[in-house]
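K.L.:
A single structure is presented below for examination.
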Amino acid sequence: MTERTIIEHQHSTRAVCLHCGEECGARSISTPDGAFCCTGCEAVYRILSEHNLCDYYVVGDESTRHRRPSFRRDDYALLDQSDVKTRYIEYADDERENLRFDVPNLHCVSCIWLLDRLHEFDPGILVSTADMSRRQVAVRIHPQITTVRNVAELLAQLGYPPVVRAESSHHEDQQRQQERRSLYLRMGVAGFAAGNIMLFGISKYLAGGALPPSLSLLFNILSITLATPVVVFSASPWWRSAWGAVSHRRINLDVPVALGIAAIFLRSLVDIILGTGDGYLDSFAGLVFFLLIGRLFQTKAYDSISFDRTYRSFFPMYVRRERHSAVTTVPIDDIVPGDTMIVRHGEVIAADSVVISRGGYVDYSFVTGESAPVECVEGTYVYAGARVTGRAIRCTATAAAARSYLATLWEQSGSSVPRSSLLRLSDRFASVFTALALTIAIGGAVLYLPDVTAALDVFTAVLIIACPCALTLAAPITLGTAMGQLGRQKIWLKNTATVVQLAGVDAVVFDKTGTLTYGDLVLTRQGDPLPDDVELAIRRVAASSSHPVSRALAADMSEPADDVEEGQQAIRGHALGYDVILGSADALRHQGYTTDEVPRAIVHAAVNGEYVGCWTAQSAMRARMDVSIQRLRSDGIVTMLASGDTDREAELFASAFEQSEMIFSASPDTKQHLVSTLRADGHHVLMMGDGLNDALAMSAADVAVAVTDATATLVPACDVIVDGDSAHHIDKIIRYSQTMKKFIFINLGVSVVYNTLGLTMAVSGILTPLAAAILMPVSNLTVIGIGVAAARWYGRRSVWE
Amino acid sequence: MVRQEVSMGIVLLLVICSLIISGGFLLAFLWATRTGQYDDMATPAIRMIYDDTTATHRSRSDKEHHGYDDTL
Numbered sequence: 001m002t003e004r005t006i007i008e009h010q011h012s013t014r015a016v017c018l019h020c021g022e023e024c025g026a027r028s029i030s031t032p033d034g035a036f037c038c039t040g041c042e043a044v045y046r047i048l049s050e051h052n053l054c055d056y057y058v059v060g061d062e063s064t065r066h067r068r069p070s071f072r073r074d075d076y077a078l079l080d081q082s083d084v085k086t087r088y089i090e091y092a093d094d095e096r097e098n099l100r101f102d103v104p105n106l107h108c109v110s111c112i113w114l115l116d117r118l119h120e121f122d123p124g125i126l127v128s129t130a131d132m133s134r135r136q137v138a139v140r141i142h143p144q145i146t147t148v149r150n151v152a153e154l155l156a157q158l159g160y161p162p163v164v165r166a167e168s169s170h171h172e173d174q175q176r177q178q179e180r181r182s183l184y185l186r187m188g189v190a191g192f193a194a195g196n197i198m199l200f201g202i203s204k205y206l207a208g209g210a211l212p213p214s215l216s217l218l219f220n221i222l223s224i225t226l227a228t229p230v231v232v233f234s235a236s237p238w239w240r241s242a243w244g245a246v247s248h249r250r251i252n253l254d255v256p257v258a259l260g261i262a263a264i265f266l267r268s269l270v271d272i273i274l275g276t277g278d279g280y281l282d283s284f285a286g287l288v289f290f291l292l293i294g295r296l297f298q299t300k301a302y303d304s305i306s307f308d309r310t311y312r313s314f315f316p317m318y319v320r321r322e323r324h325s326a327v328t329t330v331p332i333d334d335i336v337p338g339d340t341m342i343v344r345h346g347e348v349i350a351a352d353s354v355v356i357s358r359g360g361y362v363d364y365s366f367v368t369g370e371s372a373p374v375e376c377v378e379g380t381y382v383y384a385g386a387r388v389t390g391r392a393i394r395c396t397a398t399a400a401a402a403r404s405y406l407a408t409l410w411e412q413s414g415s416s417v418p419r420s421s422l423l424r425l426s427d428r429f430a431s432v433f434t435a436l437a438l439t440i441a442i443g444g445a446v447l448y449l450p451d452v453t454a455a456l457d458v459f460t461a462v463l464i465i466a467c468p469c470a471l472t473l474a475a476p477i478t479l480g481t482a483m484g485q486l487g488r489q490k491i492w493l494k495n496t497a498t499v500v501q502l503a504g505v506d507a508v509v510f511d512k513t514g515t516l517t518y519g520d521l522v523l524t525r526q527g528d529p530l531p532d533d534v535e536l537a538i539r540r541v542a543a544s545s546s547h548p549v550s551r552a553l554a555a556d557m558s559e560p561a562d563d564v565e566e567g568q569q570a571i572r573g574h575a576l577g578y579d580v581i582l583g584s585a586d587a588l589r590h591q592g593y594t595t596d597e598v599p600r601a602i603v604h605a606a607v608n609g610e611y612v613g614c615w616t617a618q619s620a621m622r623a624r625m626d627v628s629i630q631r632l633r634s635d636g637i638v639t640m641l642a643s644g645d646t647d648r649e650a651e652l653f654a655s656a657f658e659q660s661e662m663i664f665s666a667s668p669d670t671k672q673h674l675v676s677t678l679r680a681d682g683h684h685v686l687m688m689g690d691g692l693n694d695a696l697a698m699s700a701a702d703v704a705v706a707v708t709d710a711t712a713t714l715v716p717a718c719d720v721i722v723d724g725d726s727a728h729h730i731d732k733i734i735r736y737s738q739t740m741k742k743f744i745f746i747n748l749g750v751s752v753v754y755n756t757l758g759l760t761m762a763v764s765g766i767l768t769p770l771a772a773a774i775l776m777p778v779s780n781l782t783v784i785g786i787g788v789a790a791a792r793w794y795g796r797r798s799v800w801e
Numbered sequence: 001m002v003r004q005e006v007s008m009g010i011v012l013l014l015v016i017c018s019l020i021i022s023g024g025f026l027l028a029f030l031w032a033t034r035t036g037q038y039d040d041m042a043t044p045a046i047r048m049i050y051d052d053t054t055a056t057h058r059s060r061s062d063k064e065h066h067g068y069d070d071t072l
């Protein structure tokens, strides 16, 4: 190694790719404009500079990293088919089509800047609008000038490949949007009415009955006018829910709420019309407003994340079918037994089939969790769900896609176990509460008989104050805020009830690959860094082998070396004038080299007859995961490891698990059985997994947690999605949920105190409109304050560090 | 008695004014919600920090994209 190459090497590692901002390694491309790490990045830069859009690189801050594009030409061919195309179209006429794409890569300021300017690239694009929180881009096109496919391909070229949408997602999107909008509308109307009625009320209370009769009449008329839309429009969710429950002979928590708001409105109306009192319309409007706030917290959901998946989400939507030596892209449903499919590197085989090409490697990590690749040769039977690594494979389908092993696996998991839900608990509570309130109301009224007016007064006053408003607020406000705090730590919950489920967990079952460990096979160089050209040569030799370890070593090098001999556990090739041998320690020792003794070394290299070191496989546990497991155990929570992999890496986990707590070579059924057994023993089980092979066990568990290293990738149906970097927070998530559950009970206690106070006043007939106007908002604000403060304090940033 | 009638008239006027003003805000809020301005609360906050250096084409599309559109 000469001094010159060392200097060059140091220089080039400092060069940073003009597009993605990552260091350009040995494969850099230098141009007059600057250096690029790969051809993909260069292509995006070219597109941007052609359209004078290089401001893209200026808009974001220094730390902004743009995604490297990966794009194959035929990826979006299916978008020419009308049934697929309509999934993206929200509105269409002859002049324009409104499209919506999910682009998970949208992550920063410059992404928004660029995606807002798609009309610069294609005259057929009229407007494009990026949506950061939903990670979507809305595009309006002129259908005569451009097509859905063109836009999808443009997005992919720019490094934002749109996700293939499920059939119903479009409908759900609009429904959710509509619900959110109507909630805001209801809140606006209720808040407006509450504020104005309160102003009239205050002047009445301050005047102490000395208000001129004409003014009093005016205020009453205005109050009723303002309160009417609140009854009809803002409070309608409670009418509907309560009526729905009662007509099915059930009682839910909305029944006493509806009863309370009906009582308060009707009593006020009667009081005002008969002139027997001022009515409680100010309290009424305020009550509905607070109830709507509670609902807003409850409907907090993450738009950019989808929790419900079908097995089809894991499948490719289309396959390349070869017929009469012509290759066409067809939907997977069109595959019939006997069809020939071509499956490329990284793609999933959609139907059980027999390999008819020279062979290659597939892995079943998707189905079984076993990440080690399996070699297949001509005639090998491969199951649907196998992922091809390395060389493309040609195979003949022996079954249709829907009937294959993967689909059966998924359909089994459809029969999910009934979960002890928060809903059932609150329903039971609601029936007791309603019965109690009605008993007190009737009892109080009976006490005042035969004075019918006084009896009716007490009856309605009890119903008004017994309206479990603060009670209904306590849980959604606390849990909704808690969800938001967890979301900041990249822990996304499906709904507020999940917090309660998490609080009860006393057994945790972990998957191994991708959950406890990092997902991908990452090779780490041991020893001194190699000179650039040597590294390049090694990568090129590695690129010519389809063995997964070689693929990992080659990284994204696509140029293979010439005259490569592939032998037992070793390959030998020539590139850039170097003679490179790559292989296992045994293979190199066999050829007379002395190899370094490095634990978990997976590949060694020799260049020009000289040993140059080795690489280790980083199938390591996620950082701080072992600490987390220790803490779970010290909290008395049962921890288990269920891996579909063989026990070759068992010693890695020996520090965290007892031998009896680890199960290896577990099939999806075995995992499910483990979870079911734990549940049968009375445990409340949390299953933490990442792939389809865990789906069965996850559906059997009380709480399903999916770990993902990119929100773009697919996860099984679950209750919680955790970013890989936050997976080690699992113990803190459970503790936090337990604390939040405690605070719900504290809040329930507080609201019971207020309700008792109010009930005492109601029964003794002194619940004046003024007393109600003070007591009700104060009780609601106390509950909201305690809930929000507790969720924020116990979920503050320093807790997670 | 005359003085009270006068003050009543003023209160009436003030009540009407306050209802008209707050009603106007309510209508503005309802319009904004219905046209989708509350659908995305994150992106516009980021969008406003851009400099309009390459805004040449933007003006064209702004004309076609006047106001907010509930379908997009």
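Protein sequence lines, in the order shown, are assigned to chains A and B. Numbering follows this note's numbering, in which position 507 of the first sequence is assigned residue number 507; successive positions increment by one, without gaps. Numbering follows this note's numbering, in which position 16 of the second sequence is assigned residue number 16; successive positions increment by one, without gaps. Quick reminder that beta carbons are idealized off the backbone N, C-alpha and C, glycines included. Predicted model only: the values in this text are computed from it and were never measured.
Out of A:Ala587, A:Asp363 and A:Ser357, which has the shortest C-alpha to C-alpha gap to A:Val377?
P.N.:
By one-based count along the first sequence, residue 377 of chain A stands at place 377. With distances taken between Cα atoms, A:Val377 lies closest to A:Ser357.
K.L.:
Go to A:Arg796, then tell me how far its alpha helix (DSSP H) extends in each direction, as first and last residue.
P.N.:
Along the first sequence, one-based indexing puts residue 796 of chain A at 796. It is not in any alpha helix (DSSP H) - A:Arg796 carries neither H nor E in the DSSP assignment.
K.L.:
State yes or no: is the beta carbon of A:Phe233 nearer than 8 Å to at least one beta carbon in chain B?
P.N.:
Here residue 233 of chain A refers to the residue found at position 233 of the first sequence. It does not; no Cβ of chain B falls within 8 Å.
K.L.:
When you check each C-beta in the segment 106-117 of chain A against every C-beta of chain B, which residues fall closer than 8 Å?
P.N.:
Hits within the stretch, in order: Val109, Ile112, Trp113, Asp116 and Arg117.
K.L.:
Measuring straight from C-alpha to C-alpha, what distance separates B:Cys17 and A:Ala193?
P.N.:
Stepping through the second sequence from its first residue, residue 17 of chain B is reached at position 17. Stepping through the first sequence from its first residue, residue 193 of chain A is reached at position 193. Each residue's alpha carbon lies about 15 Å from the other.
K.L.:
Kindly indicate if chain B contains any beta-carbon less than 8 Å away from that of A:Ser628.
P.N.:
Stepping through the first sequence from its first residue, residue 628 of chain A is reached at position 628. Answer no: the Cβ-Cβ gap between A:Ser628 and chain B never drops below 8 Å.
K.L.:
Please determine if the segment 666-673 of chain A and the segment 485-494 of chain A are in contact, where contact requires at least 3 C-beta pairs separated by less than 8 Å.
P.N.:
Verdict: no, contact absent.
K.L.:
If you pair each beta-carbon of the segment 736-750 of chain A with each one of the segment 779-794 of chain A, do three or more pairs fall below 8 Å?
P.N.:
Counting Cβ pairs under 8 Å, three or more are found: they touch.
K.L.:
Could you check if A:Arg589 is buried or exposed, using at least 16 other CB atoms within 10 Å of its CB as the buried criterion?
P.N.:
Taking the first sequence and counting its residues from 1, one reaches residue 589 of chain A at position 589. Exposed.
K.L.:
Whose C-alpha, out of A:Val685, A:Ala772, A:Thr472 and A:Ser655, is nearest the C-alpha of A:Ile637?
P.N.:
Locating residue 637 of chain A in the first sequence gives position 637, where the first residue counts as 1. Nearest of A:Val685, A:Ala772, A:Thr472 and A:Ser655 to A:Ile637, Cα basis: A:Val685.
K.L.:
For the segment 211-225 of chain A, enumerate the residues whose C-beta is nearer than 9 Å to any C-beta of chain B, in chain order.
P.N.:
Correct list: Pro212, Ser214, Leu215, Leu218, Phe219 and Leu222.
K.L.:
Measuring alpha carbon to alpha carbon, tell me which residue in A:Thr396, A:Pro331 and A:Ser283 is nearest A:Asp339.
P.N.:
Here residue 339 of chain A refers to the residue found at position 339 of the first sequence. It is A:Thr396.
K.L.:
I'd like to know if A:Gln177 contacts chain D, where contact means its C-beta is closer than 8 Å to some C-beta of that chain.
P.N.:
In summary, chain D is missing from the structure at hand, where the protein chains are A and B.
K.L.:
Confirm the yes/no value for this check: CB of B:Leu14, any heavy atom of the ligand FMN, distance under 7 Å.
P.N.:
The ligand FMN is not part of the structure shown, which contains no ligands of any sort.
K.L.:
Considering only the beta carbon of each residue, do A:Ala772 and A:Ser283 sit closer than 8 Å?
P.N.:
On the first sequence, residue 772 of chain A is found 772 positions in, with the first residue counted as 1. On the first sequence, residue 283 of chain A is found 283 positions in, with the first residue counted as 1. Yes, they are a contact pair.
K.L.:
Hey, A:Gly188 and B:Leu19 are a contact pair by Cβ (cut 8 Å); roughly how many whole angstroms apart?
P.N.:
Taking the first residue of the first sequence as 1, we reach residue 188 of chain A at position 188. Taking the first residue of the second sequence as 1, we reach residue 19 of chain B at position 19. Rounded, the Cβ-Cβ distance is 15 Å, inconsistent with contact.
K.L.:
Could you tell me the distance, in whole angstroms, from the CA atom of A:Ala606 to the CA atom of A:Val580?
P.N.:
Within the first sequence, the letter at position 606 stands for residue 606 of chain A. Within the first sequence, the letter at position 580 stands for residue 580 of chain A. Those two C-alpha atoms are separated by around 6 Å.
K.L.:
Suppose contacts are defined by Cβ-Cβ distances below 8 Å. Is A:Arg394 in contact with A:Val362 by that definition?
P.N.:
As a position in the first sequence, residue 394 of chain A is number 394, starting the count at 1. As a position in the first sequence, residue 362 of chain A is number 362, starting the count at 1. Against a cut-off of 8 Å, the Cβ pair of A:Val362 and A:Arg394 comes out as no contact.
K.L.:
Looking at C-beta atoms only, is the number of pairs between the segment 111-129 of chain A and the segment 35-53 of chain A that lie closer than 8 Å three or more?
P.N.:
Contact between the segment 111-129 of chain A and the segment 35-53 of chain A is present, because at least three Cβ pairs lie under 8 Å.
K.L.:
Could you check whether the Cβ of A:Asp131 sits closer than 8 Å to any Cβ belonging to chain B?
P.N.:
Here residue 131 of chain A refers to the residue found at position 131 when the first sequence is read from its first residue. Closer than 8 Å to some Cβ of chain B, the Cβ of A:Asp131 qualifies, so yes.
K.L.:
Determine the direct distance from the alpha carbon of A:His729 to that of A:Val763, and round the result to whole angstroms.
P.N.:
Position 763 of the first sequence holds residue 763 of chain A. Position 729 of the first sequence holds residue 729 of chain A. Answer to the nearest angstrom: the Cα atoms are 50 Å apart.
K.L.:
Would you list the residues sitting across from A:His604 in a DSSP beta bridge?
P.N.:
Working through the first sequence from its first residue, we reach residue 604 of chain A at position 604. A:Gly583 and A:Cys614, per the DSSP bridge assignment.
K.L.:
State yes or no: is the beta carbon of A:Arg181 nearer than 8 Å to at least one beta carbon in chain B?
P.N.:
Residue 181 of chain A sits at position 181 when you count from the first residue of the first sequence. For A:Arg181, the answer is yes, since a Cβ of chain B falls inside 8 Å of its Cβ.
K.L.:
Ends of the beta strand (DSSP E) at A:His574?
P.N.:
In the first sequence, residue 574 of chain A corresponds to position 574, counting from 1. Looking at the DSSP string, the run of the beta strand (DSSP E) that includes A:His574 is Ala570 to Ala575.
K.L.:
Please go through the same chain and pick out, in chain order, the residues whose beta-carbon is closer than 6 Å to the beta-carbon of A:Ser628, but skip the five residues on each side of it.
P.N.:
Here residue 628 of chain A is taken as the residue at index 628 of the first sequence, counted from 1. Cβ neighbours of A:Ser628 beyond the five flanking positions: His728, Ile730 and Asp731.
K.L.:
Across which residues does DSSP place A:Arg140 in a beta bridge pair?
P.N.:
Walking along the first sequence from the start, residue 140 of chain A turns up at place 140. Beta-bridge pairing links A:Arg140 to A:Asn98 and A:Val127.
K.L.:
Is the Cβ-Cβ distance between A:Val703 and A:Val505 less than 8 Å?
P.N.:
Here residue 703 of chain A refers to the residue found at position 703 when the first sequence is read from its first residue. Here residue 505 of chain A refers to the residue found at position 505 when the first sequence is read from its first residue. Result yes, Cβ atoms of A:Val703 and A:Val505 sit closer than 8 Å.
K.L.:
Tell whether a beta-carbon distance below 8 Å holds between A:Val270 and A:Val230.
P.N.:
Taking the first sequence and counting its residues from 1, the one referred to as residue 270 of chain A is at position 270. Taking the first sequence and counting its residues from 1, the one referred to as residue 230 of chain A is at position 230. The answer is no: Cβ separation not under 8 Å.
K.L.:
Only counting the same chain, and skipping five residues up and downstream in sequence, which positions put a Cβ closer than 8 Å to that of A:Leu553?
P.N.:
To locate residue 553 of chain A, count along the first sequence from 1; it is residue 553. So the list reads Leu523, Ile538, Arg539, Ala542, Leu582, Val603 and Trp615, once near-sequence residues are dropped.
K.L.:
Just the chain A side, please: which residues come within less than 8 Å of B:Met8 by C-beta, in chain order?
P.N.:
In the second sequence, residue 8 of chain B corresponds to position 8, counting from 1. Per Cβ cutoff of 8 Å: Pro212, Ser214 and Leu215.
K.L.:
Measure how close the beta-carbons of A:Leu767 and A:Ile465 come, nearest whole angstrom, since I'm counting them as under 8 Å.
P.N.:
On the first sequence, position 767 is the one that residue 767 of chain A refers to. On the first sequence, position 465 is the one that residue 465 of chain A refers to. The pair is a contact, with the Cβ atoms about 6 Å apart (cut-off 8 Å).
K.L.:
Please classify A:Thr711: does DSSP put it in a helix, a strand, or coil?
P.N.:
By one-based count along the first sequence, residue 711 of chain A stands at place 711. Reliability of the predicted coordinates at A:Thr711 is poor, the pLDDT of 49 falling under 50, and no value is obtained from them.
K.L.:
Measure the alpha-carbon distance for A:Val330 versus A:Glu375 and round it to whole angstroms.
P.N.:
Position 330 of the first sequence, counted from the first residue, corresponds to residue 330 of chain A. Position 375 of the first sequence, counted from the first residue, corresponds to residue 375 of chain A. Going by the C-alpha atoms only, they are around 27 Å apart.
K.L.:
Run through the DSSP bridge pairs and tell me what A:Tyr57 is partnered with.
P.N.:
Counting from 1 along the first sequence, the entry for residue 57 of chain A is found at position 57. In the DSSP output, where bridge partners are listed per residue, A:Tyr57 has none listed.
K.L.:
Tell me whether the beta-carbon of A:Ile261 lies closer than 8 Å to the beta-carbon of A:Trp238.
P.N.:
As a first step, residue 261 of chain A must be located in the first sequence, where it is residue number 261. As a first step, residue 238 of chain A must be located in the first sequence, where it is residue number 238. Contact: yes.
K.L.:
Rounding to the nearest angstrom, what Cα-Cα distance links B:His57 and A:Leu158 in this structure?
P.N.:
For the purposes of this step, residue 57 of chain B is identified with residue 57 of the second sequence, where counting begins at 1. For the purposes of this step, residue 158 of chain A is identified with residue 158 of the first sequence, where counting begins at 1. The predicted position of B:His57 is uncertain, since its pLDDT is 42 and thus under 50; a value taken from the coordinates is nonetheless stated next. Approximately 19 Å between the Cα atoms of the pair.
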